[in-house]
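The next block holds one structure in the form of structure tokens; read it before the comments.
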Amino acid sequence: MTKPRILVIGSVNMDLVARVERAPAPGENVRGWDLRTIPGGKGANQAVACARLGADTYFRGRVGDDEFGPRLVRSLSEAGVRTDTVTVTDGCASGVAMILVDARGQNSIIVTPGANGRLTPEDVTAVRKLFEWADAVILQLEIPPETVARIIHLAAETGTRTVVDAGPPRKSADASLFQCTILTPNETEAAALLGCAPGSRTAEAMAEELLGRGPKAVVIKAGAGGAVVADAGRIVRVPAFPITPVDTTAAGDAFTAALAIEFIQDVDLLEAARVANAAGALACLRLGAQPSMPTAAEVDEFLAKHS
Ligand code: RIB
Numbered sequence: 179m180t181k182p183r184i185l186v187i188g189s190v191n192m193d194l195v196a197r198v199e200r201a202p203a204p205g206e207n208v209r210g211w212d213l214r215t216i217p218g219g220k221g222a223n224q225a226v227a228c229a230r231l232g233a234d235t236y237f238r239g240r241v242g243d244d245e246f247g248p249r250l251v252r253s254l255s256e257a258g259v260r261t262d263t264v265t266v267t268d269g270c271a272s273g274v275a276m277i278l279v280d281a282r283g284q285n286s287i288i289v290t291p292g293a294n295g296r297l298t299p300e301d302v303t304a305v306r307k308l309f310e311w312a313d314a315v316i317l318q319l320e321i322p323p324e325t326v327a328r329i330i331h332l333a334a335e336t337g338t339r340t341v342v343d344a345g346p347p348r349k350s351a352d353a354s355l356f357q358c359t360i361l362t363p364n365e366t367e368a369a370a371l372l373g374c375a376p377g378s379r380t381a382e383a384m385a386e387e388l389l390g391r392g393p394k395a396v397v398i399k400a401g402a403g404g405a406v407v408a409d410a411g412r413i414v415r416v417p418a419f420p421i422t423p424v425d426t427t428a429a430g431d432a433f434t435a436a437l438a439i440e441f442i443q444d445v446d447l448l449e450a451a452r453v454a455n456a457a458g459a460l461a462c463l464r465l466g467a468q469p470s471m472p473t474a475a476e477v478d479e480f481l482a483k484h485s
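Heads up: the sequence shown begins at 179 in the numbering used here, then just goes up one per residue.
Below you can see the structure in the form of structure tokens.
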């Protein structure tokens with residue numbers, strides 16, 4: 179059987195991760211421990227997840243010419259991602275995310291984009307051939323908005339399906355974003371896209387409204403609340419698997435990757451969301467972003483145990 183073919187275009191960061199009892203309030207100084215540097219970045223995490231889940235995967239992105247760059251590229255290629263499309267940006271730092279993981283496994287993140295901010299529309303056009311090769315392109319919003327818009331336009335031109343992970347939250351998304359095939363925000367990101375306060379509307383109501391803006395399907399990641407799938411004629415909540423999280427960082431990235439892989443293999447979106455919930459749950463059971471992306475065998479075993 180041929181492997182699903184995925185092109186991920188997006189960010190790659192070095193995550194500086196510290197454990198804390200709880201995140202500090204403004205002006206407060208709290209003690210942390212176990213500081214680690216762990217490869218991350220929404221785009222790179224999703225590429226690693228795609229490769230571990232069995233897809234033939236290319237990653238298009240930029241690292242800086244600093245000490246983090248080679249390690250970030252190595253982490254991708256060790257996971258099986260094709261990295262000849264990663265560009266080193268001279269005179270620029272790699273993207274860095276400062277992450278606090280609290281006692282409940284919840285995180286707070288600050289991102290300095292570095293080289294991710296230099297990923298241009300021309301960088302996208304340069305890999306046009308890969309749009310023609312791929313079964314789907316996955317993208318996120320951790321790169322410049324004009325680059326996101328070029329991805330959507332090029333995908334439309336080449337007839338390639340697009341899966342948009344709408345993180346991090348963006349208030350002023352270009353309308354072209356809604357021309358994607360599947361839009362998959364979390365609840366905060368969905369509220370930002372709609373311009374409403376987080377928590378003010380149900381995931382079902384937000385999914386319905388986002389669907390009305392143009393995507394073929396909307397899948398809202400609701401964490402412990404599961405996933406809400408909206409496509410032609412239905413809005414259905416697919417329950418989450420009960421787990422005790424160690425670190426929720428990149429759970430949404432594992433979810434997006436698994437959802438995309440199932441979708442391009444013609445799996446119904448409700449079943450795709452169930453598999454994606456399993457991938458997301460597994461990602462919460464290990465510390466860090468890329469090290470916690472599950473393999474296909476781990477997802478199968480988890481689903482067998484929880485069926
Ligand atoms: O989605 C998780 C990722 O968000 C982290 O790896 C961090 O780099 C930030 O981009």
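Glycine included, C-beta positions come from ideal geometry on N, C-alpha and C.
The structure displayed is predicted, hence computed values, not measured ones.
Note down the Cα distance separating residue i from residue j, rounded to an integer number of angstroms.
| i | j | result |
| --- | --- | --- |
| Leu460 | Leu481 | 10 angstroms |
| Arg214 | Gly411 | 46 angstroms |
| Asp234 | Ile184 | 6 angstroms |
| Arg452 | Ala429 | 14 angstroms |
| Arg339 | Cys462 | 28 angstroms |
| Ala196 | Gly218 | 14 angstroms |
| Met192 | Glu449 | 33 angstroms |
Sorry if obvious, but does the Cβ on residue i come closer than 8 angstroms to a heavy atom of the ligand RIB?
| i | result |
| --- | --- |
| Ile316 | no |
| Thr427 | yes |
| Leu320 | First, the residue type needs correcting, since residue 320 is Glu and not Leu in the sequence shown. Yes, since a heavy atom of the ligand RIB falls inside the 8 angstroms radius drawn around the Cβ of Glu320. |
| Ser255 | no |
| Ala275 | yes |
| Gly458 | no |
| Asp193 | yes |
| Pro399 | A small correction: the amino acid at residue 399 is Lys; Pro does not occupy that position in the sequence shown. No, since every heavy atom of the ligand RIB falls outside the 8 angstroms radius drawn around the Cβ of Lys399. |
| Ile329 | no |
| Ile360 | no |
| Ser347 | Looking at the sequence shown, residue 347 is not Ser but Pro. Incorrect: Pro347 has no Cβ contact closer than 8 angstroms to the ligand RIB. |
| Ile287 | yes |
| Asp234 | no |
So is residue i buried or exposed if we call it buried at 16+ other beta carbons inside 10 Å?
| i | result |
| --- | --- |
| Thr427 | buried |
| Lys307 | exposed |
| Lys349 | exposed |
| Val274 | buried |
| Thr290 | exposed |
| Pro472 | buried |
Report yes if the C-beta distance between residue i and residue j is below 9 angstroms; otherwise report no.
| i | j | result |
| --- | --- | --- |
| Asn207 | Ala467 | no |
| Asn455 | Pro417 | yes |
| Ala229 | Ala257 | yes |
| Thr405 | Ala314 | What sits at residue 405 in the sequence shown is Ala, not Thr. Not a contact, by the Cβ cut-off of 9 angstroms. |
| Lys399 | Thr362 | yes |
| Gly188 | Gln318 | yes |
| Gly403 | Glu365 | yes |
| Val190 | Val266 | no |
| Ala436 | Leu254 | no |
| Leu371 | Leu389 | no |
| Asp280 | Arg209 | no |
| Asp425 | Ala227 | no |
Whether or not the stretch 374 to 388 and the stretch 330 to 343 are in contact is what I'm after, with contact meaning three or more pairs of Cβ atoms, one per stretch, closer than 8 angstroms; do they touch?
Segments in contact, no.
Examine the Cβ distances between the stretch 229 to 249 and the stretch 258 to 266 and report whether three or more of them are shorter than 8 angstroms.
With the cut-off at 8 angstroms, the stretch 229 to 249 and the stretch 258 to 266 touch.
Is the stretch 351 to 367 touching the stretch 202 to 220 in the sense that three or more CB pairs, one from each, lie closer than 8 angstroms?
By the criterion of at least three beta-carbon pairs nearer than 8 angstroms, the stretch 202 to 220 is not in contact with the stretch 351 to 367.
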